[in-house]
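Quick note, the sequences are listed as chains L and G, same order. The opening position of the first sequence corresponds to residue 1 in the numbering used here, with each subsequent residue numbered one higher. The opening position of the second sequence corresponds to residue 1 in the numbering used here, with each subsequent residue numbered one higher. Worksheet: the structure to be examined is printed underneath.
Protein chains: 2
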Amino acid sequence: MESAHKSSSYFNMKALILNFIMRIKKLGKDDPRRIVHSFKVALAITLVSMVYYLRPLYKGIGDNGVWAILTVVVVFEFSAGATLCKGMNRGFATLLAGALGVGANYLASLFGTKVEPIVLGCLVFLLVASATFSRFIPHIKKRYDYGVLIFILTFSLVVVSGYRVDKILELAHQRLSTILIGGATCIVISICVCPVWAGEDLHNLIVSNLEKLASFLEGFGGEIFELPLEEDIVVSSNEPDKSFLTAYKSVLNSKATEESLANFAWWEPGHGKFRFSHPWKQYLKIGVLMRQCGYHIEALNAYLDEKFQASSEFSKRVQEPCTKMSSEAGKALKELAQSVKSFTSPPNCSMHLQTCKKAVDEVNTTLKASMVGELDVLEIIPIITVASILIEIVKCVETIFVAIEELSEQAHFKDLLNDGEKSQVHHGGAVASVDDDDEEEDKDFVKVIIHKITSDSRKIEDNRG
Amino acid sequence: MESAHKSSSYFNMKALILNFIMRIKKLGKDDPRRIVHSFKVALAITLVSMVYYLRPLYKGIGDNGVWAILTVVVVFEFSAGATLCKGMNRGFATLLAGALGVGANYLASLFGTKVEPIVLGCLVFLLVASATFSRFIPHIKKRYDYGVLIFILTFSLVVVSGYRVDKILELAHQRLSTILIGGATCIVISICVCPVWAGEDLHNLIVSNLEKLASFLEGFGGEIFELPLEEDIVVSSNEPDKSFLTAYKSVLNSKATEESLANFAWWEPGHGKFRFSHPWKQYLKIGVLMRQCGYHIEALNAYLDEKFQASSEFSKRVQEPCTKMSSEAGKALKELAQSVKSFTSPPNCSMHLQTCKKAVDEVNTTLKASMVGELDVLEIIPIITVASILIEIVKCVETIFVAIEELSEQAHFKDLLNDGEKSQVHHGGAVASVDDDDEEEDKDFVKVIIHKITSDSRKIEDNRG
């Protein structure tokens, strides 16, 4: 009995460990850069500590070694932008706080030895209190939070570190040089050895989010009306892959990720196709518009449970333009994703977007024609709602189109076609600016003058046609 | 000319500074705890640094003082929970890494003086790499991220700090005692002097988010059908306050805040009405359901631009039950907010929720009756859509009701009524658990078996009636 119990608990143990190993493996497989990052950090720390360990004049680790290792541990982040942000913040804050600390010590020394500690205490108290409060200012919190922290630390250390100015200068010099060594090691390794660019991640995130929205819209018509799936969605196994119906949900929660990536991207030097002043803010605008579209899709999703049997005359007639509207909106988004992915301008007037708008008119006409006579109201209400939400989604897709056109101009995307009429399009692009310093969470909601954009872009396309 | 230019730039300067001061003032006014927090941090740092500054055996600042000040600067966070989290992480990580470091040193010393640095280097490299990788494991990232960082730091420092074990033990002892002093100062000040509880913040956030959703729903009917506002919304000035129409938007983006607050609340000791094992996870579930409701409201909001003139017979007839449905759903949410706020159980069967459901039936009946004969399709489509989305919102409100009933049971809220039939309600509360360790962002979407809940709770209320 006991041995059976033992062996079962042994197997339990084994299963747990295997499960753990599987999860670790999956983490590494999902993003192999994580493994590379781990080795990069280990390399940096080993390098810095070995320099201090092996140098000839070694007499136990001094302050120097401590600060260099500490800097590497704290500054080395996953992306190059984040590492640069922290490194720069640390360097400049140490410099500024060191200078202020020396000044404070000099000022206090004028009061005589008895009053000096009190003056220093008051100075530390006041400066720390105001610096801590400044961390609540949104702009500082966003970009210089770590710098203020280091400022507080260094100032307190320098002020408390001793009476004589000459000693302080030496200390400040030592600390700065070690921090420079540590920081430089981090920055060099993080930029030169398989760099992870936050900007590139943001770019890819926007593309993949566009694709997720597109996949939902492309598949939605087939799902809700129980049609066979669209041709271009290849179903491999017997059970069709329905993941495209839920993938869009991650778009709804990508705000925090997008903002931190854009923030880090701001610190990164130009690299590859991204120049130094790449319009990262425009990516945030596109993110806002995509989430807006996602909210409508979420509302739409509630109707997926109640599949419409295309039994009645009414639903049969509405079904076709609705499916077309949805799948064309999806294709337009895919086209946009492709153009962002390949750094090319989106086509001046998207075929899919036009087909989409035609389908909107068609839906309206069909509805108008079909609503005569007695109808089963419980059947038609959801269909009308779905059609109506789809029309809103088409409006969203149009605003995303305009925002990506703006992006392509700001970031100098390759223009595959001639850009004769291009400048006109932007009159419609009335996407109000995202206020940078605004703390409130409402800032996610760029006021989009949808109607203006819709009518303007229609006018333009009428002119073209 | 020049003086005019000078004075204008002087006024510009003055306006800028005044503007800056106004913004700072607003920051403090919005949350006075920010000012208190700044003074608390300043107090802690001044205390710790003065202890080292004034002690009799002062001979320049040693490692000790550095580590105590450093600990205070880095550990002191806005809420008591976050401070505890960082303090505990720092303490235990230092202990563990110190012990491992001593072990590593002993191990390496067995190989002889020549090979020792190489063995130590390899050990540092391996341990740092695996510790860094472990920071990507979601569970560790969520709760012990800072601990792992400190582990890496302390281990590298101890390993590099010297050959002899006796010296290392002394160093480890010194570092631990100073970290304890710094950490204890932080924790005592943050808990005893005007504490900011993350749990209380989370509780209040949920209440205020419920109220925001409720305000929108209460006012929506009046807005879209251009009715006079509901009686209970007092309009003070001539221009009516429309902020309730946009306030709900902050609910959509509160996921990150809720999660970090719940995470910090986990570390907090029992206080006030919150016991030690308060069900913080249930708050996250409610948050998910509220966002779901918010997404539907966002879809509804798109129709606010096109106000319906209650001109036609059709819209006049649908208007009344729709307005009732919306405002009753709002009142039900207000009631829930009130009950969470006052730590009392929600009423067994909410009057408002019942009126709400009756209004749903009424809308369906009215629509059925009105859809006969020729109608202006462009007018009725948006009305039908609005009614249909409102019905979805009522379903959301029901799920929120069930989730808050669960919360009230788990957190032992005061029960104002007898709870005879209460246990029945929970059979319908099929809110699937939020998977804790799941990294994917999709986790925000608790699968809610809406239909089950709806039908179950209807049954229950039928039994009661």
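Beta carbons are placed, not taken as given, at the ideal position from N, Cα and C, and that holds for glycine.
Let me know the secondary structure DSSP gives residue i once reduced to three states.
i, result
"G:T344", "strand"
"G:F78", "coil"
"L:K281", "helix"
"L:K273", "coil"
"G:L414", "It should be pointed out that residue 414 of chain G corresponds to Lys in this sequence rather than to Leu. Three-state DSSP puts G:K414 in a strand."
"G:F151", "helix"
"L:C194", "coil"
"G:A99", "helix"
"L:D241", "coil"
"G:K114", "coil"
"L:A15", "helix"
"L:L407", "helix"
"G:K443", "Low confidence applies here, because G:K443 scores a pLDDT of 41, under 50, leaving its location unreliable and the question unanswered by this model."
"G:R291", "helix"
"G:W67", "helix"
"G:G199", "helix"
Counting C-beta neighbours from all protein chains within 10 Å, is the total for residue i 16 or more, i.e. buried, or is it exposed?
i, result
"G:I17", "exposed"
"G:H203", "buried"
"G:R275", "exposed"
"L:L227", "Only weak support is given to the placement of L:L227: the predicted model assigns it a pLDDT of 48, under 50, and the value that follows is read from those uncertain coordinates. L:L227 comes out exposed."
"G:I118", "exposed"
"L:Q410", "exposed"
"G:F11", "exposed"
"L:C122", "exposed"
"G:M13", "exposed"
"L:Y146", "buried"
"L:P32", "exposed"
"G:F155", "buried"
What residues from chain G crowd round residue i, counting only those whose CB sits closer than 7 Å?
i, result
"L:A256", "A256"
"L:L304", "By Cβ distance, chain G contributes nothing, its closest Cβ being about 12 Å from L:L304, past 7 Å."
"L:F125", "A42 and T46"
Tell me whether residue i, by its Cβ, gets closer than 8 Å to a heavy atom of the ligand HEM.
i, result
"G:G182", "Looking for the ligand HEM in the displayed structure turns up nothing, as the structure carries no ligands at all."
Since residue i meets chain L, which of its residues come closer than 7 Å, beta carbon to beta carbon?
i, result
"G:I384", "I381, I384 and T385"
"G:F133", "R34, I35 and S38"
"G:I179", "In chain order: nothing, as chain L lies at least about 14 Å away."
"G:S49", "V124, S156 and V160"
Looking at C-alpha atoms only, which residue of the options is the closest neighbour of residue i?
i, options, result
"G:T246", "G:G87, G:F78, G:L304 and G:H37", "G:L304"
"G:E223", "G:N301, G:Y10 and G:S208", "G:N301"
"G:C85", "G:W197, G:W67, G:S339 and G:A129", "G:W197"
"L:A299", "L:Y248, L:V188 and L:M325", "L:Y248"
"G:E313", "G:E398, G:L100, G:T366 and G:N19", "G:T366"
"L:F225", "L:I393, L:I391, L:V48 and L:A387", "L:A387"
"L:G287", "L:E259, L:I391 and L:Q338", "L:E259"
"L:C322", "L:L157, L:A214, L:A80 and L:V394", "L:V394"
Distance check for residue j and residue i, CA to CA, integer angstroms please.
i, j, result
"G:L416", "G:G219", "29 Å"
"L:I389", "G:P382", "10 Å"
"G:F133", "G:I45", "33 Å"
"L:V234", "L:G270", "Summary for L:V234: the model assigns pLDDT 46, below 50, so the residue's position carries little reliability; its value from the coordinates is reported in the next sentence. When rounded, the distance between both Cα atoms is 39 Å."
"L:S8", "L:R23", "22 Å"
"L:H352", "L:N253", "28 Å"
"G:K281", "G:M290", "14 Å"
"G:W266", "G:V74", "20 Å"
"L:F76", "L:A131", "24 Å"
"G:K273", "G:Q338", "16 Å"
"G:L153", "G:L120", "15 Å"
"L:V128", "G:L27", "17 Å"
"L:S408", "L:T344", "7 Å"
"G:N209", "G:A332", "14 Å"
"L:V124", "L:R175", "20 Å"
"L:A42", "L:C186", "11 Å"
"G:A15", "G:K25", "15 Å"
Starting from the beta carbon of residue i, find every residue of chain G whose beta carbon is closer than 9 Å, and list them in chain order.
i, result
"L:I137", "R23, I24 and L27"
"L:G199", "Neighbours of L:G199 on chain G: none; closest Cβ ~21 Å, over 9 Å."
Just the chain G side, please: which residues come within less than 8 Å of residue i by C-beta, in chain order?
i, result
"L:I400", "Simply none; closest approach about 15 Å."
"L:I69", "L153, S156, L157 and V160"
So with CB distances below 9 Å, who are the chain L contacts of residue i?
i, result
"G:A299", "Y295, H296, E298, A299, L300, I389 and E392"
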